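Structure first, commentary second.
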Amino acid sequence: MMDTLIPLFPVGGMPGGTELIVILLIAVLLFGANKIPKLARSTGQAMGEFQKGREQVEAELEEMKEGATIDDDGNIVDEDGEILKTEAERETEASIDSSDSSSSTSN
């Protein structure tokens, strides 16, 4: 006989108050009350690293649209081979951008 799938959250697709309490209770039972803040912190750090990497890729794509290329050392060079921005400068710029965006979202 074919079993049918029952949706986890049938109404509207988002959990309501009771469902959130059950999920929170299960999380406390699985991880313990002391580990949940550490888990949330590490998840936030991972999301920040992902965002920083995404911003770097977006910046590289934008610079490549403008006619620049990336050499073997990770430097951005123009058509003449002159270095427009070194890899270290790009990493510094990305870390500044990510710290600016994280400080603006925390306010």
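According to the numbering used here, the sequence shown is numbered sequentially starting from -12.
Glycine included, each C-beta is placed from N, C-alpha and C at the ideal position.
Please read all numbers here as calculations on a predicted model, not as lab measurements.
Notebook entry, point to check: Does the distance from the C-beta atom of asparagine 62 to that of threonine 79 stay below 8 Å?
Noted result: no
Notebook entry, point to check: Since glutamate 66 and glycine 54 are thought to touch, with beta carbons under 8 Å apart, how far apart are those beta carbons, to the nearest angstrom?
Noted result: Approximately 6 Å separates the beta-carbon atoms of glutamate 66 and glycine 54; this is inside 8 Å, confirming the contact.
Next item on the list: Whole angstroms is fine: what's the gap from methionine 34's alpha carbon to alanine 14's?
Entry: 20 Å
Next item on the list: Report all residues from its chain with a CB closer than 7 Å to the CB of aspartate 58; omit the five preceding and five following residues, and keep chain order.
Entry: Non-local beta-carbon contacts of aspartate 58 in its own chain, meaning distances under 7 Å to residues more than five positions away in sequence, involve Val64 in chain order.
Check: What are the residues that DSSP puts in a beta bridge with threonine 30?
Finding: According to DSSP, which records beta bridges pairwise, threonine 30 is partnered with nothing at all.
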